[in-house]
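Chains as they are written, first to last, in my numbering: chain C, 198 to 419; chain R, 198 to 419; chain W, 198 to 419; chain F, 198 to 419.
C-beta atoms are modelled at their ideal positions from N, C-alpha and C, and glycine is treated no differently.
Worksheet: the structure to be examined is printed underneath.
Number of protein chains: 4
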Amino acid sequence: MNEYSFILWHDPPMAAKPQNTKRTEAREKRRQQLINATIKCIARKGMGSTTLGDVASEAGLSQGIVNLHFKSKDNLLTETLRFLADEYKTRFNATLEKSGPGAAPKLRALTELDLHRSILDRSKLAVWFAFWSEVKSRPVYQEICEQVDEYYDNVFLALCSQLIVQGEYKDVTASAISTALNSMTNGMWLSYLISPKHFDRRGAMQAIDEYLHSIFPKHFPL
Amino acid sequence: MNEYSFILWHDPPMAAKPQNTKRTEAREKRRQQLINATIKCIARKGMGSTTLGDVASEAGLSQGIVNLHFKSKDNLLTETLRFLADEYKTRFNATLEKSGPGAAPKLRALTELDLHRSILDRSKLAVWFAFWSEVKSRPVYQEICEQVDEYYDNVFLALCSQLIVQGEYKDVTASAISTALNSMTNGMWLSYLISPKHFDRRGAMQAIDEYLHSIFPKHFPL
Amino acid sequence: MNEYSFILWHDPPMAAKPQNTKRTEAREKRRQQLINATIKCIARKGMGSTTLGDVASEAGLSQGIVNLHFKSKDNLLTETLRFLADEYKTRFNATLEKSGPGAAPKLRALTELDLHRSILDRSKLAVWFAFWSEVKSRPVYQEICEQVDEYYDNVFLALCSQLIVQGEYKDVTASAISTALNSMTNGMWLSYLISPKHFDRRGAMQAIDEYLHSIFPKHFPL
Amino acid sequence: MNEYSFILWHDPPMAAKPQNTKRTEAREKRRQQLINATIKCIARKGMGSTTLGDVASEAGLSQGIVNLHFKSKDNLLTETLRFLADEYKTRFNATLEKSGPGAAPKLRALTELDLHRSILDRSKLAVWFAFWSEVKSRPVYQEICEQVDEYYDNVFLALCSQLIVQGEYKDVTASAISTALNSMTNGMWLSYLISPKHFDRRGAMQAIDEYLHSIFPKHFPL
DNA sequence: AATGAATGAGGGTTCATTCAT
DNA sequence: CATGAATGAACCCTCATTCAT
Chain C
198 MNEYSFILWH DPPMAAKPQN TKRTEAREKR RQQLINATIK CIARKGMGST TLGDVASEAG
258 LSQGIVNLHF KSKDNLLTET LRFLADEYKT RFNATLEKSG PGAAPKLRAL TELDLHRSIL
318 DRSKLAVWFA FWSEVKSRPV YQEICEQVDE YYDNVFLALC SQLIVQGEYK DVTASAISTA
378 LNSMTNGMWL SYLISPKHFD RRGAMQAIDE YLHSIFPKHF PL
Chain R
198 MNEYSFILWH DPPMAAKPQN TKRTEAREKR RQQLINATIK CIARKGMGST TLGDVASEAG
258 LSQGIVNLHF KSKDNLLTET LRFLADEYKT RFNATLEKSG PGAAPKLRAL TELDLHRSIL
318 DRSKLAVWFA FWSEVKSRPV YQEICEQVDE YYDNVFLALC SQLIVQGEYK DVTASAISTA
378 LNSMTNGMWL SYLISPKHFD RRGAMQAIDE YLHSIFPKHF PL
Chain W
198 MNEYSFILWH DPPMAAKPQN TKRTEAREKR RQQLINATIK CIARKGMGST TLGDVASEAG
258 LSQGIVNLHF KSKDNLLTET LRFLADEYKT RFNATLEKSG PGAAPKLRAL TELDLHRSIL
318 DRSKLAVWFA FWSEVKSRPV YQEICEQVDE YYDNVFLALC SQLIVQGEYK DVTASAISTA
378 LNSMTNGMWL SYLISPKHFD RRGAMQAIDE YLHSIFPKHF PL
Chain F
198 MNEYSFILWH DPPMAAKPQN TKRTEAREKR RQQLINATIK CIARKGMGST TLGDVASEAG
258 LSQGIVNLHF KSKDNLLTET LRFLADEYKT RFNATLEKSG PGAAPKLRAL TELDLHRSIL
318 DRSKLAVWFA FWSEVKSRPV YQEICEQVDE YYDNVFLALC SQLIVQGEYK DVTASAISTA
378 LNSMTNGMWL SYLISPKHFD RRGAMQAIDE YLHSIFPKHF PL
């Protein structure tokens, strides 16, 4: 918990957890195993070409296993997206808490996170893009993605606002900057996905740093 | 043709064109009709759920029509991507030629293009994202997408370089800026795709303008 | 058409038939071919064990053929029942028209029909019983079966009423007699289905004749 | 035991009963519980759509339970049919014993039994019809059903013969009458199954009474 | 004895593709 | 060129059955 945690999602209080912890744990492990397999498959073959058979054999299990644990393919995909969103959210929050103190280091740490090897991972990006591409046709996907985006924006907005006040910056607006930063990192994901060879992680970070410097010169000196 | 056309693709010289122009025209019209139908279908249902039957009936034609004109579904998709790429390239070049004179107005016109209603179209974006998501699993897609990206980057790089020289800007690098700009617009597409309601076209343009101003204050005064 | 045709179903006037008669005919032929195959399969393997694969190969066609012509297995079954009902209705009406004149010969001809080899056919009976057994769980089946039953009852009721008036019979009621006759023939189908070896068609007919004689002695002398 | 018990089945002498009566009783209770669940399920969903899962959850037990107690689904179904047959046989014999004295009251009591609420029960009828429909494809079912039928016929034959002798009836044959009676009640089951709303239990009983009166006027006066 | 996770064969269904018309 | 009936492979999913707990 930190000074920005007021923005954090408040997950609904867990319903009374099922008792048989061992069984429940095993179930959860299987589900995670299958979600991981799903991610790998989508990354390797594309979403449309990923079959439940692929997922099952990637997980080293049998045909019917997915339907046993997720009821349907649709549900598996939704849960996979939900996992990705949660995972990102967790990393994001952890970074937010650990970095600092102060808005500037936090801002930089968060942008840096988006270019971190664990995020800038071509397999996961492929999966994200697959879900994004179906946001228009699947309301559930949209809802999940929108939530992540909104949360991201809100945190960035708060951080930028703070910097503007502190630095008495003129001619800049917090919303424009957070939009710019959010877009920039997202766009870099695309660049990396499309041409990983050509992509330059350091160059990307530099672009962001230059931008931050040009906007908030007092907080981000060269 | 203009001063930057040296960067343009040089399409391979056409193979000897088929003579019967009427026939060829009719064929071409059908193909285009089917590609348009494909785009609509992917936007509406997602790539994985788009069937040749959907495409055919969207086009008001019969079952077998796609295989007749495109041989296979794979080929249809590839051609659809190629069409999108060409279309974008054409708009891009037209904008590049018409705007100006001078690098600054060109730069701004190009970024503006990416937020133009005809580009920032949710249906088309959905299709683009669908293809991007399969870039990793389909080399053909990658090649096409990479080419567009590379071309875009090169033009921006040239324009930025020119501005830096002209304005004698310090502490900025052309490549970082063009990376930033490219990423920013791409990222905005994602924002728009995910939450069109929440997206603010004017705010986005403002973010870009503020960025351009902060980097190239002489060329982009407030 | 005859004096009882007022009871007959009046099928709704056909909607304007599709023009391409050849195509339509071919389609209709295929559908019939598949329905026949369905009946054979249900008779041979039971309804629950009949797969679309069975039906297709019984018809000498390919896997997907049933879904092509009937959309779903459910629909195939419903249409099969509808066919059986229509077929029975047609035979029933033809017998009603051809026999006579007079109510007594008609009555006998109709009961005889129910014991005719073409009706008392174990395969078809098995299918009928299969549908009957699902009447409770499938409203569509019930509706179709009920309609046949009701029509049958009405005709028998009319015929019996006429005989009672003509013969001035006392102590009998038309509805009880038609119920009895209808039940008797239906029950005989069951006997035949269960033990075809033990079943005696002539004995069955004799049982009916004795019944008719005992009720309507003037019309059905020994 | 009564004067007709010579016709009764003679069940094969029990194999040495398992000793641990408590265990055996518990087992038997479970089996019965599952058979009851099976009947409910078949009645509700049809035989083809009844799964072992349905049966288990109807019985409030776990997945694997049926295979534990019945080895296989096939076996469960066969045992269910056997139960129904035994149940009917028991009721039949009880009625036969309790009614009377004399053939006429017995005859009437037995026909009345077939229209009794406990027999004329739509759920059970649905199950019976389901088994009957598979008699042709499953020899075991046939054997069981045939045995019931045969037994029924034999008793009725004996009763009718006795009445004919007693009443010195002419122009009637015992076999024809018992066939007629058996068929009639069976047929009424069908009527009831198909259109329970339209079915008139009293009318049905009246039809039988009129028939008995017309055949055996001395024994069944109005 | 009872559970329920796991299996895997097989079902209904979809759909890219072919081809006679 | 265009159609749409037909194919058959492959998909998702169900479910009887097994088995470790």
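{"Asked": "Exposed unless 16 or more other CB atoms sit within 10 angstroms - verdict on R224/F", "Found": "exposed"}
{"Asked": "DSSP state of G261/F mapped onto helix, strand, coil", "Found": "coil"}
{"Asked": "Boundaries of the alpha helix (DSSP H) in which P302/C is found, first to last residue", "Found": "A300 to D311"}
{"Asked": "Continuous alpha helix (DSSP H) stretch holding Y285/C: start and end", "Found": "K270 to K295"}
{"Asked": "Coarse secondary structure for I316/W, derived from DSSP in three states", "Found": "coil"}
{"Asked": "Where M381/F sits in the DSSP three-state scheme", "Found": "helix"}
{"Asked": "Whole-angstrom C-beta distance between T382/R and D311/R, which should lie under 8 Å", "Found": "4 Å"}
{"Asked": "Member of R314/C, L231/C, A301/C and V362/C whose CA lies at the smallest distance from the CA of A401/C", "Found": "R314/C"}
{"Asked": "Residue ranges of each alpha helix (DSSP H) within the segment 232-256 of chain R, 4 or longer", "Found": "249-255"}
{"Asked": "Straight-line gap, G245/W to Q229/F (C-alpha atoms, nearest Å)", "Found": "24 Å"}
{"Asked": "Rounded C-alpha distance that separates R279/W from L273/R", "Found": "43 Å"}
{"Asked": "Beta-carbon proximity of S417/W to D406/W, cut-off 8 Å", "Found": "Inspection of the sequence shows that residue 417/W is occupied by Phe rather than by Ser. Cβ distance < 8 Å, so F417/W and D406/W count as in contact."}
{"Asked": "Proximal residues to S358/W (C-beta, below 8 Å), its chain only, five neighbours per side dropped", "Found": "A371"}
{"Asked": "S320/C to I391/F span [Cα, whole Å]", "Found": "60 Å"}
{"Asked": "E340/R - containing alpha helix (DSSP H), residue span", "Found": "P336 to G364"}
{"Asked": "Helix, strand or coil at F326/F [DSSP, three-state]", "Found": "helix"}
{"Asked": "Cβ-based neighbour list, Y338/C, same chain, cut-off 7 Å, excluding 5 preceding and 5 following", "Found": "L278, F328, E331 and V332"}
{"Asked": "Simplified DSSP assignment, three categories, for F267/R", "Found": "helix"}
{"Asked": "H416/C: first and last residue of the uninterrupted alpha helix (DSSP H) it sits in", "Found": "Unbroken run through H416/C: none, as it is neither H nor E."}
{"Asked": "Length of the line joining the Cα atoms of L205/F and D350/F", "Found": "Low local confidence applies: a pLDDT of 49 at L205/F is under 50, so the model's placement there is unreliable, with the coordinate-based value given in what follows. About 12 Å."}
{"Asked": "S296/C versus K303/C - alpha carbon distance", "Found": "5 Å"}
{"Asked": "Nearest residue (CA-CA) to I262/C, options I239/C, S388/C, F289/C and I232/C", "Found": "I232/C"}
{"Asked": "Chain-ordered chain R contacts of E276/C [CB-CB under 7 Å]", "Found": "Per Cβ cutoff of 7 Å: no residues; E276/C is ~17 Å from chain R at best."}
{"Asked": "Any non-hydrogen atom of the ligand PLP within 7 Å of Q230/F CB", "Found": "In the structure shown, the ligand PLP is absent, as is every other ligand, since no ligand is present at all."}
{"Asked": "Under the three-state DSSP convention, the category D397/C falls into", "Found": "coil"}
{"Asked": "Buried or exposed by the 16-neighbour rule on C-beta atoms within 10 Å, applied to G257/C", "Found": "exposed"}
{"Asked": "Residue burial classification, M198/C (beta-carbon count within 10 angstroms, cutoff 16)", "Found": "Bear in mind that the predicted position of M198/C carries a pLDDT of just 47, short of 50, making it unreliable; the figure below should be weighed with that in mind. With fewer than 16 Cβ atoms within 10 Å of its Cβ, M198/C is classed as exposed."}
{"Asked": "Under 8 Å (Cβ pairs) to chain W, residues found in the segment 403-417 of chain F", "Found": "Q403, A404, I405, E407, Y408, H410, S411 and I412"}
{"Asked": "From A306/W, R335/W, H395/W and K367/W, residue whose alpha carbon lies closest to that of A291/W", "Found": "A306/W"}
{"Asked": "Among P298/C, A355/C and T247/C, nearest to S334/R - alpha-carbon criterion", "Found": "T247/C"}
{"Asked": "Contact with chain C by W206/R, beta-carbon distance below 8 Å", "Found": "Low local confidence applies: a pLDDT of 48 at W206/R is under 50, so the model's placement there is unreliable, with the coordinate-based value given in what follows. Answer no: the Cβ-Cβ gap between W206/R and chain C never drops below 8 Å."}
{"Asked": "Exposed unless 16 or more other CB atoms sit within 10 angstroms - verdict on L259/C", "Found": "Inspection of the sequence shows that residue 259/C is occupied by Ser rather than by Leu. Classification of S259/C: exposed, given that the 10 Å Cβ count is below 16."}
{"Asked": "Nearest-angstrom Cα separation, counted from F396/R out to S388/R", "Found": "7 Å"}
{"Asked": "Assigned exposure category for K415/F - 16 Cβ within 10 Å defines buried", "Found": "exposed"}
{"Asked": "Through-space distance from V362/F to T235/F, alpha-carbon basis", "Found": "45 Å"}
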